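Trainee: Sharing a structure with you now.
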Amino acid sequence: MKAPHFATRTLAILLALAAAGLLLGALFGQAGFGMAGGLLVWAGLHLRQLIRLQLWLSSRQLTVPETGGTWQVVFDSLDQRRRNNRRARRRLLAALAAFRDAARALPDGIIAIDDSDTIHWFNKAAKRLLGLRYPTDIGNHLTHLVRSPRFLDWFAAGRLDVPLIDLPSPEDESVRLLCRLIAYRPGFRLLIVRDVSNLMRLEQVRRDFVANVSHELRTPLTVINGYMEALDPEEMGEFSELFVSMRQQSRRMASIVDDLLMLSRLEAQQKVNDEPIDVGALLSVIRRDTEALSAGRHQIEVEVGSALGLRGSPRDLQSAFSNLAFNAVRYTPAGGRIRVAWTCGPEGGVYSVSDTGQGIPAQHLPRLTERFYRVSNSRSRESGGTGLGRAIVKHVLSLHDARLDISSQVGKGSTFRCVFPASRLLDPRDAFGGSDRPGAAVLAGPKESLATTPAP
Ligand code: ADP
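Everything in the sequence shown is counted per this note's numbering, starting at 1368 for the first residue and increasing by one.
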């Protein structure tokens, strides 16, 4: 045991020096002075060692001074501790270097930023993909260095769940990037930048293929349909039933090709025209078409609960809104109720279609916007849908910064809600020039119901 040995030795030397001083002093009749002198020598020896210790600690000298005696224990244990610390530090630095090397070697760009968007660190790929410069850009604001408006909007929104897709690299326009934000410790985020040029090229090939095939099919189909419409099934004799079925299928094919072409056009679009849309007037058109499709089998209600209009593409929104209303007719048995409404509130503008139809089982809801996804194949085909309606709705809405919410209960009915952000809403007085415009009556004021028209 070092501590008791150390203490006993120090005490023994102290006593020995005090006794020697006492004896030497007693020889000259000054025992007290003698003992004080002995203690002073003891204190002086320790002071000398303390000074050596201080000098050694503050120097970078690696060898331990030879002090001998009790102080050697102190020097040796401090040296041991210093060695252990040095070893732990070396291990930590090696681990840190390994991490940095791994992050540096990643093909994805990684940029560590704090809450004020200041760059703390980035890897080699970030230099290549975003054109950052080391070390000048460390400590700079990321938003001062990457200036693309699309990037700035996305970055300002700070959404961790929504990546930014297809951003051209500031270094080379042909390189397309996918950016993602990850929160990795309080006050810090990682911006991950991935080169997705190949994926984008493949996606383009797929889009072009679908668009070209649809386009090529359209002409022969138009010709076939033209002939079929011109012929009279009555004149087909025993083939008349067969002919009617052929005509139906040929019409269906034409609708699918039309929907595919529309989807291709929507996919190729980055943004929509910002035309003013009188939603009240649009709902009148939808009501007329929905009633025509229902042919009196359903009770149809339309409510314009807000005078506000929308900014966007009237043609695309009419397609999306009609699709939701037509599906409500298709999937609601005769006698059911369908309600179409436009309201505005804290959430933004909401176009909703509710029905009391067959409903959709919950497991199908997440996949409903996929192309050709059908809840029940036979039923959907009979209903006359192309299987592309929901995908079209999704694209139209995303081009208008809107989202689709679906809630449904099997056997009770479904509600589809298109939620538009406040930035897409339009004051009718600014857009349509006051209330003397035809159709302005439908925009007369909030909470006014356009019509609550039970079908005849
Ligand atoms: P389609 O163009 O064939 O109608 P959609 O993409 O619009 O295809 O719809 C996908 C599927 O979702 C439909 O096949 C149908 O099964 C289901 N669906 C859509 N709307 C409704 C609704 N209002 N009620 C019940 N099921 C619906």
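Built from N, CA and C at the ideal position, the CB exists for glycine as well.
For clarity, every value in this text was computed on a predicted model and none was experimentally measured.
#1: Can you tell me which of the three DSSP states E1782 falls into?
#2: I believe D1475 touches V1572 by the beta-carbon criterion, under 8 Å. Please report the beta-carbon distance rounded to the nearest angstrom.
#3: Rounded to whole angstroms, what is the Cα-Cα separation between G1547 and R1495?
#4: Does the beta carbon of Q1666 fall short of 7 Å from some heavy atom of ligand 1?
#5: Give me, in chain order, the residues of the same chain whose beta-carbon lies closer than 6 Å to that of R1543; leave out the 5 immediate sequence neighbours on both sides.
#6: Can you tell which of S1686, G1506, G1554, Y1594 has the C-alpha that lies nearest to the C-alpha of G1332?
#7: For Q1421 and W1409, what's the separation of their Cα atoms in angstroms?
#8: Return the residue from the list P1643, S1631, G1703, L1633 that minimises the CA-CA distance to G1663.
#9: Per DSSP, which one or two residues make a beta bridge with L1677?
#10: Roughly how many angstroms separate the alpha carbons of L1735 and V1742, rounded to a whole number?
#11: Considering just the uninterrupted stretch of the beta strand (DSSP E) at P1535, what are its terminal residues?
#12: Output the distance between the C-alpha atoms of H1487 and T1430, rounded to the nearest integer angstrom.
#13: So for H1665, helix, strand or coil by DSSP?
#14: Quick check on DSSP: helix, strand or coil for G1712?
#15: Run the CB neighbour count on H1665, radius 10 Å, all protein chains shown included, and call it buried at 16 or more, exposed below.
#16: Just checking D1683 against ligand 1 - is the residue's beta carbon closer than 7 Å to any of the ligand's heavy atoms?
#17: What's the C-alpha gap between S1802 and V1639?
#18: Roughly how many angstroms separate the alpha carbons of A1387 and G1405, rounded to a whole number?
#19: Within 10 angstroms of the Cβ of A1465, are there 16 or more other Cβ atoms? Answer buried if so, exposed if not.
#20: Is DSSP giving G1801 helix, strand or coil here?
#21: Is Y1698 near ligand 1, going by C-beta to nearest heavy atom under 7 Å?
#22: Over the uninterrupted alpha helix (DSSP H) stretch that includes F1576, give me the two end residues.
#23: Provide the residue(s) that pair with A1550 in DSSP beta bridges, ordered along the chain.
#24: Between the alpha carbons of S1661 and V1707, how many angstroms are there, rounded?
#25: Give the range of the alpha helix (DSSP H) segment to which H1487 is assigned.
#26: Return yes when the C-beta of Y1740 is under 7 Å from any heavy atom of ligand 1, and no when it is not.
#27: Which residues does DSSP list as the beta-bridge partners of L1391?
#28: Could you give the C-beta distance for R1419 and P1432, rounded to a whole number, given that I count them as a contact under 8 Å?
Mentor: Taking the geometry as given:
#1: Numbered from its first residue, the sequence shown carries residue 1782 at position 415. Here the sequence assigns Thr to residue 1782, which means Glu is not the residue at that position. Three-state result, T1782: strand.
#2: Walking along the sequence shown from the start, residue 1475 turns up at place 108. Walking along the sequence shown from the start, residue 1572 turns up at place 205. The beta-carbon separation of D1475 and V1572, rounded to 24 Å, does not stay under the 8 Å limit for a contact.
#3: Reading the sequence shown from its first residue, position 180 is the one you call residue 1547. Reading the sequence shown from its first residue, position 128 is the one you call residue 1495. In the sequence as presented, Gly is not what sits at residue 1547; that position holds Arg. Whole-angstrom Cα-Cα distance: 17 Å.
#4: Taking the sequence shown and counting its residues from 1, the one referred to as residue 1666 is at position 299. No, since every heavy atom of ligand 1 falls outside the 7 Å radius drawn around the Cβ of Q1666.
#5: By one-based count along the sequence shown, residue 1543 stands at place 176. Here the set comprises D1533, V1563, S1564, M1567.
#6: The structure shown does not extend to residue 1332, since the chain spans only 1368 to 1823, so no value can be given for it.
#7: Along the sequence shown, read from residue 1 onward, the residue named residue 1421 stands at position 54. Along the sequence shown, read from residue 1 onward, the residue named residue 1409 stands at position 42. Roughly 19 Å separates the two Cα atoms.
#8: On the sequence shown, position 296 is the one that residue 1663 refers to. Answer by Cα proximity: G1703.
#9: Stepping through the sequence shown from its first residue, residue 1677 is reached at position 310. L1677 pairs with I1644, L1792.
#10: If you number the sequence shown from 1, residue 1735 lands on position 368. If you number the sequence shown from 1, residue 1742 lands on position 375. So the alpha carbons of these two residues sit roughly 8 Å apart.
#11: In the sequence shown, residue 1535 corresponds to position 168, counting from 1. Per DSSP, the unbroken beta strand (DSSP E) holding P1535 starts and ends at 1531-1535.
#12: Along the sequence shown, read from residue 1 onward, the residue named residue 1487 stands at position 120. Along the sequence shown, read from residue 1 onward, the residue named residue 1430 stands at position 63. In a straight line, the C-alpha of H1487 is about 39 Å away from that of T1430.
#13: Counted from its first residue, the sequence shown places residue 1665 at position 298. Under the three-state reduction of DSSP output, H1665 falls in the coil class, being neither helix nor strand.
#14: Here the question's residue 1712 lines up with position 345 in the sequence shown. Looking at G1712 - three-state DSSP - the assignment turns out to be strand.
#15: Start at 1 with the first residue of the sequence shown, and residue 1665 comes out as number 298. Around the Cβ of H1665, a 10 Å sphere holds 16 or more other Cβ atoms; the residue is buried.
#16: By one-based count along the sequence shown, residue 1683 stands at place 316. No, since every heavy atom of ligand 1 falls outside the 7 Å radius drawn around the Cβ of D1683.
#17: For the purposes of this step, residue 1802 is identified with residue 435 of the sequence shown, where counting begins at 1. For the purposes of this step, residue 1639 is identified with residue 272 of the sequence shown, where counting begins at 1. In this prediction, S1802 has a pLDDT of 44, which is less than 50 and means its spatial position is unreliable; what the coordinates show is noted afterwards. Each residue's alpha carbon lies about 27 Å from the other.
#18: Sequence index remark: in the sequence shown, residue 1387 carries index 20 (1-based). Sequence index remark: in the sequence shown, residue 1405 carries index 38 (1-based). C-alpha separation (whole angstroms): 7 Å.
#19: The residue labelled residue 1465 in the question sits at position 98 within the sequence shown. Looking at its Cβ environment, which holds fewer than 16 other Cβ atoms inside 10 Å, A1465 is exposed.
#20: Indexing the sequence shown from 1 puts residue 1801 at position 434. Interpretation of G1801 is limited by its pLDDT of 48, a score under 50 that renders its predicted location unreliable; no figure is taken from the coordinates.
#21: For the purposes of this step, residue 1698 is identified with residue 331 of the sequence shown, where counting begins at 1. It does: the Cβ of Y1698 is within 7 Å (strictly closer) of some heavy atom of ligand 1.
#22: Taking the first residue of the sequence shown as 1, we reach residue 1576 at position 209. Per DSSP, the continuous alpha helix (DSSP H) segment holding F1576 begins and ends at 1564-1597.
#23: Taking the sequence shown and counting its residues from 1, one reaches residue 1550 at position 183. A1550 pairs with R1556.
#24: By one-based count along the sequence shown, residue 1661 stands at place 294. By one-based count along the sequence shown, residue 1707 stands at place 340. Their Cα atoms are separated by approximately 14 Å.
#25: As a first step, residue 1487 must be located in the sequence shown, where it is residue number 120. Here H1487 belongs to no alpha helix (DSSP H); instead the beta strand (DSSP E) covers 1486-1489.
#26: Residue 1740 sits at position 373 when you count from the first residue of the sequence shown. Relative to ligand 1, Y1740 has its C-beta within less than 7 Å of a heavy atom.
#27: For the purposes of this step, residue 1391 is taken as the residue at position 24 of the sequence shown. Under DSSP, no beta-bridge partner is assigned to L1391.
#28: Here the question's residue 1419 lines up with position 52 in the sequence shown. Here the question's residue 1432 lines up with position 65 in the sequence shown. Between P1432 and R1419 the Cβ distance is about 6 Å, and since that is below 8 Å, they are a contact.
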